[in-house]
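Sequential numbering from 3 applies to the sequence shown in my numbering. We put the beta carbon where it would ideally sit given N, CA and C, even for glycine.
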Amino acid sequence: MTPEYIIHPIVVGSKLFDKGMMTYQSGYGKPYVIPIYAWYIAGGDTKVLVDTGEMRPIQSEEREKAIGGRIYTLDQGLARYGLTPMDIDVVIHTHLHNDHCENDALCENALIYCHEKELTRIHDPHPLDFRYLEDYIAEAEERGQIRPVSGDMEIVPGIRVMHTPAHTEGGLTVLVNTAKGTAAITGFCVIAENFDPPREIKGMEMEVIPPGTCVNPYQAYDVMLKVKAVADILIPLHEPGFAGVESIP
3 MTPEYIIHPI VVGSKLFDKG MMTYQSGYGK PYVIPIYAWY IAGGDTKVLV DTGEMRPIQS
63 EEREKAIGGR IYTLDQGLAR YGLTPMDIDV VIHTHLHNDH CENDALCENA LIYCHEKELT
123 RIHDPHPLDF RYLEDYIAEA EERGQIRPVS GDMEIVPGIR VMHTPAHTEG GLTVLVNTAK
183 GTAAITGFCV IAENFDPPRE IKGMEMEVIP PGTCVNPYQA YDVMLKVKAV ADILIPLHEP
243 GFAGVESIP
């Protein structure tokens, strides 16, 4: 029988920047704070973490108020569930931008899954994309932990990945079986508004808003529609609404 999982959002960082970094062609000029998550997936025999977050997150009252939840180091966040990074069996990366993989070195016993195109980019980044830094995965590579993914696949029973090249070429959306259907942790950096645009955007006949930074906005738009179609529960990767939530569903 396929396990039914519970997803625990752990805020392991934050960023203050222009909202347009999330919402393509809209929201420019509006200061916006996003949480950076590691998602602990509980319920099966394998301890799974999606992304590992920032190494040294800013833990301030101002940032926590902005996102509506506590900010932890990865050690602190996992300790809430009686775990340490050493206890994690599997890490799945949505992509390899630095804020999603800075703590990989702490997860010494985990198999680390990421798309092969992300591995190419982190070792040879395009000048336009400064968010890749190979230092953060160097130790995991040396220990032989990395498992490249070339397409859609099941990682463990009830948890699978779908290649969704929107924000990056190797983005992986993580599809998780839960008691309330399929939850999709998006493989691209968006907030809830990207999937449910305001009236003025819908009035332009746009069903979704692509990520503010994307490889190809047309492709990203279609990728988002694909994810929306398969998900019963949408979990946009940087949505502040999950910062104060204990579990999903």
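- When DSSP reads this structure, M155 sits in a beta bridge with V163.
- Between A40 and T215, the alpha-carbon positions lie close to 21 Å from each other.
- When Cβ pairs closer than 8 Å are counted between the two stretches, the segment 203-218 is seen not to touch the segment 149-157, the count staying below three.
- Where F197 is concerned, the enclosing alpha helix (DSSP H) starts and stops at 194-197.
- In the structure shown, K182 falls within a coil segment according to DSSP collapsed to helix, strand and coil.
- Taking C-alpha positions only, H102 is separated from M3 by approximately 31 Å.
- Nearest neighbour of Y74 by Cα position, chosen from I12, G243, T175, R149, turns out to be I12.
- Annotation: F132 to P5 spans about 38 Å, alpha carbon to alpha carbon.
- Taking 7 Å as the cut-off, the beta carbon of T54 is found closer than this to the beta carbon of N105.
- For P219, the uninterrupted alpha helix (DSSP H) segment begins and ends at 219-232.
- DSSP places G79 inside the alpha helix (DSSP H), whose first and last residues are 76-81.
- Taking the CA atoms as reference points, H128 sits about 12 Å from K119.
- With a cutoff of 7 Å on beta-carbon distance, V176 and V163 are scored as near each other.
- Of the other Cβ atoms in all chains shown, 16 or more fall within 10 Å of the Cβ of I90; this residue is therefore buried.
- The three-state reading of DSSP puts P59 in coil, since its state is none of H, G, I, E or B.
- Of all alpha-carbon atoms in H99, T180, Y138, G183, the one lying nearest the alpha-carbon of H169 is that of H99.
- Taking V247 as the centre and dropping the five residues before and after it, the same chain places the C-beta of P11 closer than 7 Å to its C-beta, in chain order.
- Beta-bridge partners of H117 (DSSP): V151.
- Taking a cut-off of 8 Å for Cβ pairs, the segment 215-235 and the segment 185-201 touch, as three or more such pairs fall below it.
- Non-local C-beta neighbours of M208 in its own chain, meaning closer than 7 Å and more than five positions away in sequence, comprise P199, ordered along the chain.
- In the structure shown, T122 falls within a helical segment according to DSSP collapsed to helix, strand and coil.
- Look at I90 here: in three-state DSSP terms it is coil, with no helix or strand label.
- Residue state for A44 is assigned as strand, using DSSP reduced to three classes.
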